[in-house]
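Asker: Sequences listed follow chains C and P, in order. Start counting the first sequence at 243; every next residue gets the next number (this note's numbering). Start counting the second sequence at 16; every next residue gets the next number (this note's numbering). Cβ coordinates follow ideal geometry from the N, Cα and C atoms, glycine included. Dropping the structure in here first, questions after.
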Amino acid sequence: MKEQKLSLPGALFGALAGLGADIAIRELTGFEVVSGILEIIGAGFGLLRIDRRIYDSTVRLLKGMDVQPDDDYQHILRRIDELTFDLPELRESFLNLMQAGVRAKHA
Amino acid sequence: MLGLGTLFRIVKGLLGRPLEDTGLLPTRYYVREILEALDHDNIGEAVRLLKKAKGPLIDRSRLDLTRQQIIFRCRVLRERHAKRIRYLEGIIKAHKKNSKLPWRWLHKDPAERVGYYENTLDLEQQAQHLLKQYEMELKDMLTR
Chain C
243 MKEQKLSLPG ALFGALAGLG ADIAIRELTG FEVVSGILEI IGAGFGLLRI
293 DRRIYDSTVR LLKGMDVQPD DDYQHILRRI DELTFDLPEL RESFLNLMQA
343 GVRAKHA
Chain P
16 MLGLGTLFRI VKGLLGRPLE DTGLLPTRYY VREILEALDH DNIGEAVRLL
66 KKAKGPLIDR SRLDLTRQQI IFRCRVLRER HAKRIRYLEG IIKAHKKNSK
116 LPWRWLHKDP AERVGYYENT LDLEQQAQHL LKQYEMELKD MLTR
């Protein structure tokens, strides 16, 4: 079997060529190829359930609010409004959760 | 026999920490770690990891939602600290008022207790200030 030789200058040249190609693509097209590939690899490594994780965290945050057991729905909505006045996406998530809770209670 | 999950956790434990400071890991990794820190109210760690996440390409909205979650938690915790501060200030005020009464002069215990309350008050104020700082930092990141 023929012995394979590793070439350090060859490896350096390959790395430089790869870096040059990445920079050229980024400058010409605006696409970040390396970051994109890393994102896809990351998604493949068991991180596909991230939305479920964010949902769980949102529920935990809502439960972690300091509200009294006898506080009514309107009071809790006002508290959410106060705390999320500049956080529109989170506010929407909270309101959706609250509405789902109310619907489940009535059903 | 090692499962894939265990193997992944071992690899993550060995390589994750050194690599996460480079910011080269996928955004989802940072989002997951931020949420883990947030579950334990470790706001400092969550903010640190949020700053490290450099390449939000397909997960920009998720990262932004995570940032909003940290701000929300900061506000809830600050309110909690504010309640404790008001309570402690009330107790200290009442103790100082009572200590001026002649029949309390010989009591040593209340003075020690006031010292304890004052130290706790100081810690609560520091925590509140720190949370305010984190919130301002995160707000600046929102407008960037």
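1. If we cut at 8 angstroms on Cβ distances, does Ile100 of chain P have a partner in chain C?
2. What is the rounded straight-line gap between the Cα of Arg95 of chain P and the Cα of Ile25 of chain P?
3. I'd like to know whether the C-beta of Leu339 of chain C is nearer than 8 angstroms to at least one C-beta of chain P.
4. Could you please give the first and the last residue of the uninterrupted alpha helix (DSSP H) stretch that includes Gln341 of chain C?
5. So, helix, strand or coil for Met16 of chain P, using DSSP?
6. Among C:Leu332, C:Pro330, C:Glu324, C:Asp314, which one has its Cα closest to the Cα of Val344 of chain C?
7. What first and last residue would you give for the alpha helix (DSSP H) that runs through Glu274 of chain C?
8. Determine the closest residue to Leu50 of chain P out of C:Phe255, C:Ala342, C:Gln310, C:Ile296, with distance taken between C-alpha atoms.
9. List the residues of chain C that Gln83 of chain P touches, going by C-beta distances under 7 angstroms, in chain order.
10. Leaving aside the five residues before and after Ile267 of chain C along the sequence, list all residues of the same chain whose C-beta is less than 8 angstroms from its C-beta, in chain order.
11. Give, in chain order, every residue of the stretch 302 to 324 of chain C whose Cβ lies closer than 8 angstroms to some Cβ of chain P.
12. Hey, how far is the Cα of Arg294 of chain C from the Cα of Ala346 of chain C?
13. Within 10 angstroms of the Cβ of Gln83 of chain P, are there 16 or more other Cβ atoms? Answer buried if so, exposed if not.
14. How about Leu92 of chain P and Thr135 of chain P: do their beta carbons lie closer than 8 angstroms?
15. Which residues of chain B have a Cβ atom closer than 7 angstroms to the Cβ of Glu94 of chain P, listed in chain order?
16. Should Thr271 of chain C be flagged as near chain P, meaning a C-beta pair shorter than 8 angstroms?
17. Under a three-way DSSP split, which group does Val309 of chain C fall into?
18. Consult DSSP for Glu127 of chain P and reduce its assignment to one of helix, strand or coil.
19. Do you know how far the Cα of Ala97 of chain P is from the Cα of Phe255 of chain C?
Answerer: With the given structure in hand:
1. Here residue 100 of chain P refers to the residue found at position 85 when the second sequence is read from its first residue. For Ile100 of chain P, the answer is no, since every Cβ of chain C falls outside 8 angstroms of its Cβ.
2. The count along the second sequence starts at 1 and reaches residue 95 of chain P at position 80. The count along the second sequence starts at 1 and reaches residue 25 of chain P at position 10. If I take the Cα positions, the gap works out to 37 angstroms.
3. Position 97 of the first sequence, counted from the start, is the residue given in the question as residue 339 of chain C. It does not; no Cβ of chain P falls within 8 angstroms.
4. Walking along the first sequence from the start, residue 341 of chain C turns up at place 99. Unbroken alpha helix (DSSP H) run through Gln341 of chain C: 330 to 348.
5. Here residue 16 of chain P refers to the residue found at position 1 of the second sequence. Reliability fails at Met16 of chain P, whose pLDDT of 45 lies under 50, so the model's placement of it is uncertain and the value that follows must be treated cautiously. DSSP places Met16 of chain P in coil when its eight states are reduced to three.
6. Stepping through the first sequence from its first residue, residue 344 of chain C is reached at position 102. Nearest C-alpha to Val344 of chain C: C:Asp314.
7. Here residue 274 of chain C corresponds to residue number 32 of the first sequence, with the count starting at 1. Segment: none, Glu274 of chain C is in no alpha helix (DSSP H) and carries neither H nor E.
8. The count along the second sequence starts at 1 and reaches residue 50 of chain P at position 35. When each option's Cα is compared against that of Leu50 of chain P, the closest is C:Ile296.
9. Along the second sequence, read from residue 1 onward, the residue named residue 83 of chain P stands at position 68. Under the 7 angstroms cutoff, chain C gives Leu329, Glu331, Leu332.
10. For this step, residue 267 of chain C is matched to residue 25 along the first sequence. Excluding positions up to five away in sequence, the list reads Phe273, Val275.
11. Arg302, Leu303, Gly306, Met307, Asp308
12. Stepping through the first sequence from its first residue, residue 294 of chain C is reached at position 52. Stepping through the first sequence from its first residue, residue 346 of chain C is reached at position 104. If I take the Cα positions, the gap works out to 20 angstroms.
13. Within the second sequence, numbered from 1, the residue matching residue 83 of chain P stands at position 68. Buried, because 16 or more other Cβ atoms sit within 10 Å of the Cβ of Gln83 of chain P.
14. In the second sequence, counting from the first residue as 1, residue 92 of chain P sits at position 77. In the second sequence, counting from the first residue as 1, residue 135 of chain P sits at position 120. No.
15. Considering every chain present, this structure includes no chain B. Its protein chains are C and P.
16. Stepping through the first sequence from its first residue, residue 271 of chain C is reached at position 29. Cβ-Cβ to chain P under 8 angstroms: no for Thr271 of chain C.
17. Position 67 of the first sequence, counted from the start, is the residue given in the question as residue 309 of chain C. Val309 of chain C falls in the coil class under three-state DSSP.
18. To locate residue 127 of chain P, count along the second sequence from 1; it is residue 112. In the structure shown, Glu127 of chain P sits in a helix (DSSP, three-state: H, G or I).
19. Position 13 of the first sequence, counting from 1, holds the residue named residue 255 of chain C. Position 82 of the second sequence, counting from 1, holds the residue named residue 97 of chain P. Taking the straight line from one Cα to the other gives about 60 angstroms.
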